[in-house]
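In the working numbering, the protein residues as written are 85 to 451.
Even glycine gets a Cβ: it sits at the ideal position worked out from N, Cα and C.
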């Protein structure tokens with residue numbers, strides 16, 4: 085399959101802003117005297133305003149990464165390119181994101197490799213999509229699926245905003261995974277499937293059909309009841325190895341001289357990861373010898389396990405439209421900056437179908 089291969093200019097656009105002097109369209113993270121971070125997108129004539137003075141975008145362009153800038157009131161600001169984790173935590177959100185600590189575990193435990201064909205459902209706000217695109221490289225393919233058009237718009241805007249162009253090896257399909265997956269991904273061609281959805285157990289058969297023998301599925305779920313039902317669904321279906329489950333807790337430390345102690349706050353539970361690998365056609369998993377467990381459950385139990393019974397919270401349509409506008413406005417600025425510095429012979433990359441990016445805004449950044 086070659087339609088997702090990227091040309092040299094597109095590949096350069098995806099990775100060229102990770103180092104080197106600041107250029108128009110680059111995102112810059114400014115850290116003020118009290119440690120507060122502000123992310124701006126460099127635009128000709130733009131200005132960053134705070135109660136601590138003004139920093140002109142023209143003064144930032146061509147400076148090396150890690151420079152210190154002086155505002156008009158004499159305050160110092162450290163200028164760095166935002167890390168992917170920084171961008172993810174501050175980007176416009178239409179849905180809850182996959183936190184960086186979980187995205188890192190997904191990339192590792194799902195063994196996402198350069199050139200892989202990866203299926204992602206749902207796309208949410210695009211946080212995990214960015215990590216997956218980095219891992220598969222320009223030779224890989226990421227097929228993302230999302231039920232809601234508003235979420236897809238937010239994800240497209242966020243990915244384009246961070247990358248500086250719309251990756252040509254990434255597609256976003258709006259619709260139900262059960263219906264759309266067979267149409268977009270040929271059976272037995274997916275290396276990895278990542279499910280970030282409320283009911284992954286409904287898609288076990290579709291995932292099994294899409295995966296290659298030895299391929300891996302990873303499910304990201306929030307509650308123990310979702311985790312339990314998903315694991316039982318894979319066991320009941322067969323054709324997969326025994327599911328492995330885990331969660332990741334991150335505790336930072338305060339280290340200053342002899343004052344060495346854990347920080348008072350930590351990033352604790354955000355979600356569970358469940359992984360399983362696809363068996364060869366007709367293969368039957370050998371049964372492990374283990375003690376009997378209470379694995380039976382009734383339909384009434386299942387209903388109580390579902391997120392809907394617990395009162396799922398969802399964003400309003402108005403909030404999603406506003407978030408989509410913010411994400412796509414940031415994407416338009418990034419694309420405009422990339423076009424401004426791209427040699428004339430390369431031309432301009434057209435946005436992916438359905439992106440519908442707005443005209444770049446000329447308003448100044450506000451604190």
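For the pair residue 156 and residue 181, the Cα-to-Cα distance works out to about 37 Å.
Looking only at 325, 366, 346 and 408, the smallest Cα-Cα distance to residue 372 is reached by 325. Secondary structure note for residue 290: its alpha helix (DSSP H) is the uninterrupted segment 288 to 294. Its chain contains 292, 362 and 363 as the residues whose beta carbon lies nearer than 7 Å to that of residue 323, once the 5 sequence neighbours on both sides are disregarded; these appear in chain order. Counting along the chain, the unbroken beta strand (DSSP E) around residue 277 starts and ends at 274 to 279. Taking C-beta separations shorter than 8 Å and ignoring five residues to either side along the sequence, the partners of residue 189 in its chain run 330, 332 and 357, following chain order. Beta-bridge partners assigned by DSSP to residue 328: 359. In this structure the region 267 to 275 does not lie against the region 231 to 245, because fewer than three pairs of beta carbons, one per stretch, are closer than 8 Å. Beta-bridge partners of residue 154 (DSSP): 160.
When DSSP reads this structure, residue 103 sits in no beta bridge, so it has no partner. Beyond the five residues adjoining it in sequence on each side, residue 262 comes within less than 8 Å, by CB distance, of 286, 287 and 290 in the same chain, given in chain order. For the set 125, 103, 352 and 406, the Cα lying nearest the Cα of residue 418 is the one of 125. The Cβ atoms of residue 115 and residue 121 lie closer than 8 Å to each other. In this structure, DSSP gives residue 233 a helical state, which the three-state scheme calls helix. For the region 129 to 215, the continuous beta strand (DSSP E) assignments of 3+ residues that do not extend past its boundaries occur at 131 to 134, 137 to 140, 151 to 154, 160 to 164 and 201 to 205, in sequence order. Selection 199, 149 and 205 evaluated against residue 227 yields 205 as nearest (Cα-Cα). In this structure, residue 416 sits away from residue 234, with a CB-CB distance that is not shorter than 8 Å. With respect to the C-alpha of residue 276, the residue from 252, 225, 232 and 162 having the closest C-alpha is 225. If you draw a straight line from the Cα of residue 349 to the Cα of residue 339, it is about 14 Å long.
The region 201 to 221 makes contact with the region 170 to 187, as at least three CB pairs between them are under 8 Å.
Your pair residue 294 and residue 315 does not check out as a contact, with CB atoms roughly 20 Å apart and the cut at 8 Å. For residue 262, the enclosing alpha helix (DSSP H) begins and ends at 261 to 268. Residue 229 and residue 352 have their alpha carbons spaced roughly 28 Å apart.
For residue 340, the beta-bridge partners assigned by DSSP are 343.
Taking each of 279, 171, 102 and 298 in turn and checking the Cα distance to residue 231, the smallest one comes out for 279. Residue 118 is classed as exposed because its beta carbon has fewer than 16 other beta carbons within 10 Å across all chains shown. Using a Cβ distance threshold of 8 Å, residue 191 and residue 215 count as a contacting pair. Between residue 207 and residue 172, the beta carbon gap of about 14 Å keeps them out of contact (Cβ cut-off 8 Å).
Here the C-alpha atom of residue 296 lies approximately 20 Å from the C-alpha atom of residue 254. A straight line joining the alpha-carbon of residue 403 with that of residue 252 spans about 29 Å. Just measuring C-alpha positions, the residue of 158, 152, 142 and 143 sitting nearest residue 136 is 158. In the structure shown, the three-state DSSP call for residue 284 is helix.
In the three-state reduction of the DSSP assignment, residue 241 falls in the helix class. Across the structure, residue 162 and residue 153 are spaced so that their CA atoms are roughly 6 Å apart. Assigned with DSSP and collapsed to three states, residue 421 falls in helix.
With a contact defined as Cβ atoms closer than 8 Å, residue 284 and residue 305 qualify at about 7 Å.
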